[in-house]
Amino acid sequence: MKNSELDKLDEQVEKLDEQVKEFNDAILRGDDDSDSDIEGHKLMVGLFSSWAKSHRAKCEMLTNKNKKKKRKRREERPTTHPRNKYSENPPDFAHLASLYPSFKPFVFFSRDGRPRIDWTDFNATRELTRVLLLHDHRLNWWIPDGQLCPTVPNRSNYIHWIEDLLSSDIIVKPTSNGGDKMRGFDIGIGANCIYPLLGASLLGWSFVGSDVTDVALEWAEKNVRDNPHISELIEIRKVENGKETLPLEGSHNEMLVSTSSKIDLTENMGRETALSPSSSSNSSNLNPNANKRYCGPPILLGVVREGEEFDFCMCNPPFFETMEEAGLNPKTSCGGTPMEMICPGGEKAFITRIIEDSVTLKHTFRWYTSMVGRKFNLKILTSKLWEVGATMVKTTEFVQGQTCRWGLAWSFLPPAKKIASSHVAVKNNLSFMLEGLDRKFSAINVLQSVESFFCSSGALCNLNTSSFTVDVTTTKDHLDAVLKSESQHCGRVASCEDVQEATISSSCLNLPPNNLSFRVSVFQQIPGTLLVKGSLQQRESQVSGSFSSIFQRLEEDLKQKFCRRK
Numbered sequence: 025m026k027n028s029e030l031d032k033l034d035e036q037v038e039k040l041d042e043q044v045k046e047f048n049d050a051i052l053r054g055d056d057d058s059d060s061d062i063e064g065h066k067l068m069v070g071l072f073s074s075w076a077k078s079h080r081a082k083c084e085m086l087t088n089k090n091k092k093k094k095r096k097r098r099e100e101r102p103t104t105h106p107r108n109k110y111s112e113n114p115p116d117f118a119h120l121a122s123l124y125p126s127f128k129p130f131v132f133f134s135r136d137g138r139p140r141i142d143w144t145d146f147n148a149t150r151e152l153t154r155v156l157l158l159h160d161h162r163l164n165w166w167i168p169d170g171q172l173c174p175t176v177p178n179r180s181n182y183i184h185w186i187e188d189l190l191s192s193d194i195i196v197k198p199t200s201n202g203g204d205k206m207r208g209f210d211i212g213i214g215a216n217c218i219y220p221l222l223g224a225s226l227l228g229w230s231f232v233g234s235d236v237t238d239v240a241l242e243w244a245e246k247n248v249r250d251n252p253h254i255s256e257l258i259e260i261r262k263v264e265n266g267k268e269t270l271p272l273e274g275s276h277n278e279m280l281v282s283t284s285s286k287i288d289l290t291e292n293m294g295r296e297t298a299l300s301p302s303s304s305s306n307s308s309n310l311n312p313n314a315n316k317r318y319c320g321p322p323i324l325l326g327v328v329r330e331g332e333e334f335d336f337c338m339c340n341p342p343f344f345e346t347m348e349e350a351g352l353n354p355k356t357s358c359g360g361t362p363m364e365m366i367c368p369g370g371e372k373a374f375i376t377r378i379i380e381d382s383v384t385l386k387h388t389f390r391w392y393t394s395m396v397g398r399k400f401n402l403k404i405l406t407s408k409l410w411e412v413g414a415t416m417v418k419t420t421e422f423v424q425g426q427t428c429r430w431g432l433a434w435s436f437l438p439p440a441k442k443i444a445s446s447h448v449a450v451k452n453n454l455s456f457m458l459e460g461l462d463r464k465f466s467a468i469n470v471l472q473s474v475e476s477f478f479c480s481s482g483a484l485c486n487l488n489t490s491s492f493t494v495d496v497t498t499t500k501d502h503l504d505a506v507l508k509s510e511s512q513h514c515g516r517v518a519s520c521e522d523v524q525e526a527t528i529s530s531s532c533l534n535l536p537p538n539n540l541s542f543r544v545s546v547f548q549q550i551p552g553t554l555l556v557k558g559s560l561q562q563r564e565s566q567v568s569g570s571f572s573s574i575f576q577r578l579e580e581d582l583k584q585k586f587c588r589r590k
């Protein structure tokens with residue numbers, strides 16, 4: 025409906041509302057004449073009838089308008105990859121049932137006459153996967169009961185997205201890395217071996233697939249042997265499930281130490297901060313999730329051999345922390361063992377370990393990739409990647425039916441050319457509330473503390489008491505100093521005398537690309553409550569991904585100083 029029609033209806037409803045109110049007031053005052061009771065009753069019935077019809081028409085118009093908006097959003101939602109075999113032609117269950125008798129018992133017809141299967145039946149989903157791999161890819165495949173059963177269309181999306189990354193000219197393939205042949209590493213190949221089978225059959229890629237459990241390794245090898253036309257392209261590698269180890273700085277796989285002496289990127293992931301072992305013990309008391317870190321077998325380090333090079337790695341990580349959490353969706357049954365489905369800290373901890381490994385392995389892989397199950401984790405992991413020095417970060421969304429997953433890819437190789445859209449969007453404006461302020465503190469105290477917070481690390485600050493703003497200009501070294509500090513400046517509220525005063529607004533400075541320039545503003549909301557807002561001034565900065573991390577640390581510092589503890 026057009027807005028003009030809705031506006032006219034609004035006017036009509038308002039007039040009728042006024043008439044109904046006047047009529048009710050007249051009745052309450054006793055203004056009606058007994059001789060005109062009948063006429064008054066007719067008027068009342070007609071008036072209320074018109075009033076009800078107008079309100080009903082308005083509700084219907086608004087409902088239709090909302091439906092159109094929702095329909096438009098659904099239409100704009102990303103679908104399957106355009107090169108996916110099932111993009112234009114989804115699986116025809118009736119046709120497959122007529123060709124494969126073993127699949128027929130699992131197919132039934134709904135009231136609308138469409139062929140369907142019971143997605144909560146593991147046997148049905150497993151047989152569908154087997155039939156699709158055989159019919160569309162000429163692959164022989166099977167898995168035992170209880171193992172994770174993949175959906176072919178969704179896994180194909182991931183393969184084609186990696187194909188896009190490899191074929192783009194953003195990160196050029198090193199000349200020493202096998203010519204035009206692509207080599208991938210599948211983290212956690214599983215009994216289903218789905219990614220190597222699809223990648224080898226569709227694109228001729230070679231793979232190394234790793235796993236821990238004997239059942240997964242046995243069935244992955246069987247699925248490779250049952251397809252001799254691609255078996256030479258796939259290597260299955262066992263991961264020793266011993267004590268978790270990590271390399272010393274500067275080493276690859278030869279020198280390993282226990283994780284007890286390592287700076288953990290997972291520590292306090294909610295703040296997106298890397299802390300030293302001494303400070304992490306203190307912060308764990310403030311953050312109940314600080315101990316949720318990956319403590320399992322090796323993922324890349326200790327599995328990738330010295331001198332090996334790959335074009336990419338891919339991973340379907342354990343998305344959940346418990347099997348109870350993994351079974352919350354009653355509409356599907358994809359199976360899955362605890363080793364495949366869960367780990368302490370869930371997907372966030374697991375992928376963070378991949379990031380940690382990639383920082384050491386660097387150029388061993390052209391692209392590091394992983395699937396992500398929760399969009400909230402995608403934002404955290406993306407910010408972490410910019411912090412550790414990734415030169416390129418890319419994301420995508422995989423949609424298949426009602427299932428939605430995200431893809432995360434990063435590289436440490438220098439980009440071939442600068443592409444404006446290559447970076448994941450960084451939020452330019454962040455804010456938080458300071459509630460329950462002690463009466464002795466005012467907005468100016470908070471503003472001075474903001475200045476002190478950044479000046480203590482060597483950043484340039486320009487405090488403006490008339491506009492209640494602080495313009496901050498920092499370098500990567502300053503950011504690292506703030507993130508690693510223990511907020512030793514908590515007691516300071518004065519401006520910094522040991523730092524050169526910045527007399528020019530940061531928005532006017534011609535700064536090098538590795539500097540970060542932003543403005544912090546303080547607003548009075550209600551007595552005892554302040555709004556602190558941060559605005560990024562230089563969006564193209566190479567360290568702009570650290571903006572959210574530094575702002576979160578500022579929030580913690582200010583709340584600790586000024587807010588009454590509950």
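In terms of our numbering, the sequence shown has 170 at position 146, counting the first letter as 1, and numbering is strictly consecutive.
The C-beta atom is built at its ideal place from N, Cα and C for all residues, glycine as well.
It should be emphasised that the depicted structure is a prediction, and the values quoted were computed from it without experimental measurement.
Is it buried or exposed for residue i, if we count other Cβ within 10 angstroms and need 16 for buried?
| i | result |
| --- | --- |
| residue 422 | buried |
| residue 547 | exposed |
| residue 230 | buried |
| residue 489 | exposed |
| residue 381 | buried |
| residue 169 | exposed |
| residue 595 | Residue numbering for the chain in the displayed model covers 25 to 590; residue 595 lies beyond these limits and cannot be assessed. |
| residue 578 | buried |
| residue 118 | exposed |
| residue 588 | exposed |
| residue 228 | exposed |
| residue 581 | buried |
Excluding the 5 residues preceding and the 5 following residue i in the sequence, name in chain order all residues of the same chain whose CB lies nearer than 7 angstroms to its CB.
| i | result |
| --- | --- |
| residue 156 | 115, 176 |
| residue 181 | 104, 105, 108, 422, 424 |
| residue 250 | 164 |
| residue 134 | 140 |
| residue 583 | 458 |
| residue 265 | 236, 321 |
| residue 367 | 318, 320, 342, 373, 374 |
| residue 124 | 155 |
| residue 414 | 434, 435, 436 |
| residue 241 | 235, 260, 262 |
Could you spell out the range, first to last residue, of the beta strand (DSSP E) harbouring residue i?
| i | result |
| --- | --- |
| residue 455 | 453-459 |
| residue 145 | Careful: residue 145 lies outside any beta strand (DSSP E) and carries neither H nor E. |
| residue 369 | Here residue 369 belongs to no beta strand (DSSP E), and DSSP marks it neither H nor E. |
| residue 486 | 484-488 |
| residue 254 | Neither: residue 254 is in no beta strand (DSSP E) and is coded neither H nor E. |
| residue 494 | 493-499 |
| residue 556 | 553-560 |
Using a Cβ-Cβ cut-off of 6 angstroms (strictly less than) and excluding sequence neighbours within five positions of residue i, which residues of its own chain qualify?
| i | result |
| --- | --- |
| residue 38 | none |
| residue 461 | 552, 586 |
| residue 183 | 222, 223 |
| residue 411 | 570 |
Looking at residue i: is its Cβ nearer than 8 angstroms to the Cβ of residue j?
| i | j | result |
| --- | --- | --- |
| residue 454 | residue 558 | yes |
| residue 186 | residue 439 | no |
| residue 417 | residue 409 | yes |
| residue 216 | residue 254 | no |
| residue 431 | residue 393 | yes |
| residue 388 | residue 328 | yes |
| residue 555 | residue 542 | no |
| residue 540 | residue 498 | yes |
| residue 219 | residue 261 | no |
| residue 256 | residue 232 | no |
| residue 338 | residue 208 | yes |
Which first and last residues belong to the alpha helix (DSSP H) in which residue i is found?
| i | result |
| --- | --- |
| residue 406 | 399-411 |
| residue 469 | 467-479 |
| residue 261 | Here residue 261 belongs to no alpha helix (DSSP H); instead the beta strand (DSSP E) covers 258-262. |
| residue 179 | 176-191 |
| residue 574 | 571-586 |
| residue 249 | 238-249 |
| residue 219 | 218-227 |
| residue 122 | 117-123 |
Please list, in chain order, all residues of the same chain as residue i whose beta carbon is under 8 angstroms from its beta carbon, the five residues on each side excluded.
| i | result |
| --- | --- |
| residue 190 | 197, 206, 335, 336, 390, 391 |
Is there a Cβ of chain C sitting closer than 8 angstroms to that of residue i, yes or no?
| i | result |
| --- | --- |
| residue 547 | The structure shown contains no chain C; it holds only a single protein chain. |
Under 8 angstroms, with one C-beta from each stretch per pair, do the region 463-479 and the region 488-497 reach the 3-pair mark? The region 463-479, when compared against the region 488-497, does touch it at the 8 angstroms Cβ threshold.
May I ask you to verify whether the region 145-163 touches the region 392-403, counting CB pairs closer than 8 angstroms and requiring at least 3? no
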